[in-house]
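Novice:
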Amino acid sequence: MTSLDPQRIKKDFPLLERTVRDGQPLVYLDSAATSQKPRAVLDAERSFYETSNAAAHRGAHQLAEEATEAYEGARARVAGFVGARANEVVFTKNATEGLNLAAYAFSNASALARHGREVDPRFALRPGDSIVVTEMEHHANLVPWQEVAAKTGATLRWIGLTDDGRLDLGDLGSVIDSSTRVVSIVHQSNILGTITPVRQVMDAAHAVGAIGVVDACQSIPHMPVSMADLGADLVAWSGHKMLGPTGIGMLWGREDVLATMPPFLTGGSMIEMVYLDHSTYAPPPQRFEAGVPMVAQAVGLGAAVEYLDDLGMDAVAAHEHELTGYALARLQEIDGVTVIGPRTNVERGSAISFTVEGIHPHDVGQILDSRGIAVRVGHHCAWPTCRRYGVPATTRISTYIYNDHGDIDAAVAGIRAAQKYFGVA
Amino acid sequence: MDVDSLYQEIILDHYRNPRGVGLLPEPHGESHQVNPTCGDEVTVTVTADADGLLHVGYEGQGCSISQASASVMSELVEGRPIAEIHRVEAAFLDLMRSKGSGTPDEEVLQDAVAFAGVSKYPARIKCALLPWMALRDAEVKAGIPVEGGSYE
Chain A
0 MTSLDPQRIK KDFPLLERTV RDGQPLVYLD SAATSQKPRA VLDAERSFYE TSNAAAHRGA
60 HQLAEEATEA YEGARARVAG FVGARANEVV FTKNATEGLN LAAYAFSNAS ALARHGREVD
120 PRFALRPGDS IVVTEMEHHA NLVPWQEVAA KTGATLRWIG LTDDGRLDLG DLGSVIDSST
180 RVVSIVHQSN ILGTITPVRQ VMDAAHAVGA IGVVDACQSI PHMPVSMADL GADLVAWSGH
240 KMLGPTGIGM LWGREDVLAT MPPFLTGGSM IEMVYLDHST YAPPPQRFEA GVPMVAQAVG
300 LGAAVEYLDD LGMDAVAAHE HELTGYALAR LQEIDGVTVI GPRTNVERGS AISFTVEGIH
360 PHDVGQILDS RGIAVRVGHH CAWPTCRRYG VPATTRISTY IYNDHGDIDA AVAGIRAAQK
420 YFGVA
Chain B
0 MDVDSLYQEI ILDHYRNPRG VGLLPEPHGE SHQVNPTCGD EVTVTVTADA DGLLHVGYEG
60 QGCSISQASA SVMSELVEGR PIAEIHRVEA AFLDLMRSKG SGTPDEEVLQ DAVAFAGVSK
120 YPARIKCALL PWMALRDAEV KAGIPVEGGS YE
């Protein structure tokens, strides 16, 4: 395994050459929100539009054939990246849509069952059933399940957190019990950085016959992840956090689960036969891809996967682990800085949230921005997690393959400058 | 980039030493507003007395801009005739929509002119407006006729 050279990698990203806020070099520390895109991804998308653009899975002309081939080729490439078969990968608009697709399978099956329609009983929920999430979920893996609970009468439960930012598995046996029908948890927290023991929780879900869902948005871009190792039934993640374009996400599903899952969006492309009064549906993954798909985005994503494969995900993970360790150490040298989430570089990813005593995160972010440093501030779409740790918001730095020690040093200098500016140090 | 145009000394002073903090007992109107992107919160209470003067109380937590704005607002409006307050509200809203090109009326806005620089930062305008939105909504809830109702 060769180690990454962020200086060389940076040259592949046109945007990272620009300056911000009166000519200062950009220090981009917000990759957990979205990653920047290498030239190879931009070229692939442009080249598709310039040479092969057509609607995939339609038409009998050469361009339609090429577009279909490009789209399905991207699916195979992405599937291979996570050790899956191509027919197990559904393209969605983003990870949020993927998680909604999973959640709607339950509310749709429940509604159909109430009207006497035959459905896979694994998806049909009733009062008395329970849905389990964790206290560190992104809103995208919480709000859809609140909706399912409201529509079906099922009860929403959650696995709590420890003070050091881990899942509290002490009472796992009472949270996941015989009433549990679905367990949906995050693999790597977008706010705390925690890597969860996802396999253990999925095994607990399967032990009671529940479907296991994983939000892998923050893990798949940053470390080698194989669907077999996760042990889940459904896994959602996004393309734009792993160097790909916006507008494309993935939902992987185990073949036997996708086979009986009711569709979410309906219409063209996803049907088998359509009559005026009823329709039958195509097999997965087409059943879950209504409408003309995002072919150019899939092509761009395929190029992103190729770029990551060339670097090697082991090397990516090693680079980020080293950088995370450095960032944790440097940040915690600053008086008044408190890391929210795991403070040691064990089972954690590169998103690091922190507070600065006496300065609101919004103001920390503003001072950093004035120095050309892009970070995220706020509740990071994980408001209940903020409440759990008694903070209204945090500042978050998150790194990727193009970041180096110099970027962390810039952030540390910026935080110290903010303390000076606001008179708290 | 120079952030001093954003963080005027008056703003930092109000942030560090907020004036008029505290909710009114049994107010005629109360409004809790949040900025869902960053978690800033402010609650404003209002009561109109028999002479048509408005009394205001507030509580909040959040960034320097939102909290200083609440403090400046409470100083500006406390105990004044409602019609005058509406002129101040309108002037502040105009200032926030000016994208940094407005010339604030110092006579009307007083300390609030310090927020002129905020109007150049789109992400922070909502912070500055949050207490003013709460004030307007609290007035509506108190049954005080407000031109245009609560604004978004």
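Note that the protein sequences, when read in sequence, are chains A and B.
In terms of numbering that gives the first Met the number 0, the first sequence is residues 0 to 424.
In terms of numbering that gives the first Met the number 0, the second sequence is residues 0 to 151.
Every residue, glycine too, gets a C-beta built ideally from N, C-alpha and C.
If you reduce the DSSP assignment to three classes, tell me which class A/D214 lands in.
Specialist: Note: A/D214 maps to strand in three-state DSSP.
Novice: Give the DSSP-derived three-state secondary structure of A/S129 in the structure shown.
Specialist: DSSP places A/S129 in strand when its eight states are reduced to three.
Novice: For the region 378–401 of chain A, enumerate the residues whose C-beta is nearer than 8 Å to any C-beta of chain B, in chain order.
Specialist: Residues H378, W382, C385, P391 and A392.
Novice: If we call anything under 7 Å between Cβ atoms a contact, is A/L155 one with A/Q145?
Specialist: Yes, the Cβ-Cβ distance between A/L155 and A/Q145 is below 7 Å.
Novice: Does chain A have any CB closer than 7 Å to the CB of B/E151?
Specialist: Residue confidence is low: B/E151 scores 49 on pLDDT, short of 50, so the model does not pin down where it sits. Its coordinate-derived value is still stated next. B/E151 does not count as touching chain A.
Novice: So, A/P360 versus A/V376, is the Cβ gap smaller than 7 Å?
Specialist: Yes, they are a contact pair.
Novice: Is it right to say A/I407 is buried, meaning 16 or more other beta carbons lie within 10 angstroms of its own, or is it exposed?
Specialist: Buried, because 16 or more other Cβ atoms sit within 10 Å of the Cβ of A/I407.
Novice: Just to confirm my understanding: we take A/R370, look at its own chain, exclude 5 residues before and 5 after, and list those with CB closer than 6 Å. What are they?
Specialist: Taken in chain order, the residues that qualify are G413.
Novice: What number of angstroms, rounded off, separates the C-alpha of A/V131 from the C-alpha of A/S225?
Specialist: Each residue's Cα considered, the two are about 23 Å apart.
Novice: Using CA coordinates, which residue listed in A/S129, A/A112, A/V197 and A/V77 is at the minimum distance from A/M135?
Specialist: The residue with the shortest Cα to Cα distance from A/M135 is A/V197.
Novice: Could you tell me the distance, in whole angstroms, from the CA atom of B/G96 to the CA atom of A/G238?
Specialist: According to the sequence as given, residue 96 of chain B is Arg; it is not Gly. Approximately 36 Å between the Cα atoms of the pair.
Novice: Would B/E151 be called buried (16 or more neighbouring beta carbons within 10 Å of its own) or exposed?
Specialist: Residue placement at B/E151 is flagged as unreliable, the pLDDT there being 49, under the threshold of 50; the coordinate-derived value follows with that caveat. Exposed.
Novice: What residue does the alpha helix (DSSP H) around A/E65 start on, and which one ends it?
Specialist: Per DSSP, A/E65 belongs to the alpha helix (DSSP H) from Q61 to F80.
Novice: Under 8 Å Cβ to Cβ from B/H54, same chain only, skipping five residues before and after it: list those, please.
Specialist: Counting only Cβ-Cβ distances below 8 Å, and skipping sequence neighbours, we find L23, V45, T46, A47, D48, E77 and G78.
Novice: Is the beta carbon of A/V26 less than 7 Å from the beta carbon of A/A409?
Specialist: Against a cut-off of 7 Å, the Cβ pair of A/A409 and A/V26 comes out as a contact.
Novice: Looking only at its chain, what residues have a beta carbon closer than 6 Å to the beta carbon of A/S188, apart from the 5 residues adjacent to it on each side?
Specialist: So the list reads M135, once near-sequence residues are dropped.
Novice: Does DSSP put B/E151 in a helix, a strand or coil?
Specialist: Residue placement at B/E151 cannot be trusted, given a pLDDT of 49 that sits under 50; what the coordinates show is reported in the next sentence. Of the three classes helix, strand and coil, the one that applies to B/E151 here is coil, per DSSP.
Novice: Just reading off the beta strand (DSSP E) that B/P52 is part of, what are its end residues?
Specialist: According to the sequence displayed, residue 52 of chain B carries Leu and not Pro. L52 to Q60 is the extent of the beta strand (DSSP E) around B/L52.
Novice: Would you mind working out which of A/A59, A/N107, A/V88 and A/S173 sits nearest A/P282, comparing C-alpha positions?
Specialist: Nearest C-alpha to A/P282: A/V88.
Novice: Which residue's Cα is closest to the Cα of A/L257: A/G335, A/H137, A/I351 and A/A101?
Specialist: Answer by Cα proximity: A/A101.
Novice: Is the number of C-beta pairs between the region 212–227 of chain A and the region 39–50 of chain A that are closer than 8 Å three or more?
Specialist: Cβ pair count under 8 Å is below three, so no.
Novice: For A/W157, which beta-bridge partners are listed by DSSP?
Specialist: Per DSSP, A/V132.
Novice: Under 7 Å between beta-carbons, which chain B residues line up against A/I184? List them in chain order, please.
Specialist: Near A/I184 there are no residues of chain B at all, since even the closest Cβ is about 24 Å away, more than 7 Å.
Novice: Please report the Cβ distance between A/A104 and A/P261, rounded to the nearest whole angstrom; I am assuming they are in contact, meaning their Cβ atoms lie under 8 Å.
Specialist: Going by Cβ atoms, the distance from A/A104 to A/P261 rounds to 6 Å, so yes, they are a contact pair.
Novice: Taking 8 Å as the cut-off, does the region 377–384 of chain A touch the region 286–304 of chain A (at least 3 CB pairs, one atom from each stretch)?
Specialist: Cβ pair count under 8 Å is below three, so no.
Novice: On the DSSP bridge list, what partners appear for B/D39?
Specialist: Paired residue(s): B/N34.
Novice: Does the CB of B/G59 have a neighbour CB from chain A at under 7 Å?
Specialist: B/G59 does not count as touching chain A.
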